[in-house]
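Following this note's numbering, the residues of the sequence shown are numbered contiguously, the last one being 326.
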Amino acid sequence: MKKYTPFPLILLAPLALMWLLVACEKEEPQPWYWTYQDSLDVMELLEPEEGFLSSAGHLPDGEVEVTISEDVLQAVRMDTSSVRYLVSAISLSATDSIYAYYFDLGIDTTVTVYVVDTLEGTIELKVDSIFEQGADSAVAADTSISKMLRYASRGDVFADSLGGDATWRLLKYSGGISGTTPAVEYAPSFDSLVLGYPGGELTVIPSAEEGVYGMRGLFGVDELMRISTGQSVTVQEIFTPANDTLLLYVANETGDWIPYEPGTSVAFSSAGKSRIYVIGISLGSLISAGSDWSSVVWGIPVIVD
Numbered sequence: 022m023k024k025y026t027p028f029p030l031i032l033l034a035p036l037a038l039m040w041l042l043v044a045c046e047k048e049e050p051q052p053w054y055w056t057y058q059d060s061l062d063v064m065e066l067l068e069p070e071e072g073f074l075s076s077a078g079h080l081p082d083g084e085v086e087v088t089i090s091e092d093v094l095q096a097v098r099m100d101t102s103s104v105r106y107l108v109s110a111i112s113l114s115a116t117d118s119i120y121a122y123y124f125d126l127g128i129d130t131t132v133t134v135y136v137v138d139t140l141e142g143t144i145e146l147k148v149d150s151i152f153e154q155g156a157d158s159a160v161a162a163d164t165s166i167s168k169m170l171r172y173a174s175r176g177d178v179f180a181d182s183l184g185g186d187a188t189w190r191l192l193k194y195s196g197g198i199s200g201t202t203p204a205v206e207y208a209p210s211f212d213s214l215v216l217g218y219p220g221g222e223l224t225v226i227p228s229a230e231e232g233v234y235g236m237r238g239l240f241g242v243d244e245l246m247r248i249s250t251g252q253s254v255t256v257q258e259i260f261t262p263a264n265d266t267l268l269l270y271v272a273n274e275t276g277d278w279i280p281y282e283p284g285t286s287v288a289f290s291s292a293g294k295s296r297i298y299v300i301g302i303s304l305g306s307l308i309s310a311g312s313d314w315s316s317v318v319w320g321i322p323v324i325v326d
């Protein structure tokens, strides 16, 4: 009969302890580093959406009719301290443009992309009458004034790679593209907009606040305004600061500017991601030859099914 010699217990104990230590040791998470390839991958997602992410398309192709309300015209007439020009139409053209991305990296495998447009060009103002200094009645004129167009806008996109374990995807978009001329600190502004669409009503504010739709907020596609092909978005109200007198326009799907009045609607005929643009032009830009062109532009996203 064979005898079996048991494995020495004195050897088993250290082996068991070593196994226990290895089993209990937690693997340290590897730090995430943004790479050149990440930049390429995110830009590859952004490039097909340039038409949606860029605000350059808000510039009209042809002349824009200028209509000044009787109340504003009366205020212009009574302010005799300087020469005032009455403009009947404007034309805007961009001679130089830059479309760029800036990456704001998160610490959790996410990135916020700032999509920036910069446009430079000219604005031609067609003048048909002039109030001379000291006069409260206009004289006919047939001339034009040229001004510089210096426009900049920004919209944001939030991208995630799900902990670095998946391909990059675009998950959220800012509540709107905000653009100004000549610069934010000198440009007019909107306090808020109220938009109507078949699915409800949307109040838009400039900032990002929880529970409110803001231009600087980030929203998933399912949180954006959604309509069907052929339906319209209505600009019900535009609220501006009390110290700003603005001429207001709404840009339609083809880029034409429509003089705003409460209830102005824009129909969307093409499916995809689109925008409704609301434009405010400072009155001083129109009536004074020496003042800079000053305006504000908001482009609110619309998902068209």
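A virtual CB, placed ideally from N, CA and C, is assigned to each residue, including glycine. All figures in this text were calculated on a predicted structure; none of them were measured in a lab.
Under 6 Å Cβ to Cβ from residue 265, same chain only, skipping five residues before and after it: list those, please. Closer than 6 Å at the Cβ level, and outside the excluded window around residue 265, lie 209.
Return the chain-ordered list of same chain residues with a C-beta closer than 7 Å to the C-beta of residue 290, the five sequence neighbours on each side being excluded. 250, 251 and 274
From residue 156 to residue 104, what distance separates their C-alpha atoms? 9 Å
Tell me, to the nearest whole angstrom, how far the beta carbon of residue 85 is from that of residue 152; I am working on the premise that it is less than 8 Å. Between residue 85 and residue 152, the beta carbon gap of about 22 Å keeps them out of contact (Cβ cut-off 8 Å).
Inter-residue Cα distance where the pair is residue 248 and residue 297: 12 Å
Using CA atoms only, rank isn't needed, just tell me which of 299, 221, 284 and 310 is closest to residue 320. 299
Report the rounded CA-to-CA distance for residue 124 versus residue 176, giving the unit in angstroms. Each residue's alpha carbon lies about 12 Å from the other.
If we ignore side chains and look at the alpha-carbon of each, how far apart do residue 281 and residue 306 end up? 18 Å
From the DSSP secondary-structure annotation, give me the bridge partner or partners of residue 179. 133 and 193
Does the structure place the segment 132-147 close enough to the segment 160-169 that three or more beta carbon pairs sit under 8 Å? As far as the Cβ criterion goes, the segment 160-169 touches the segment 132-147, which means the pair count is three or higher.
C-alpha distance - residue 229 paired with residue 113, whole-angstrom precision: 31 Å
Report yes if the CB atom of residue 179 is closer than 8 Å to the CB atom of residue 211, and no otherwise. With respect to the 8 Å criterion, residue 179 and residue 211 are not classified as neighbours on the basis of their beta carbons.
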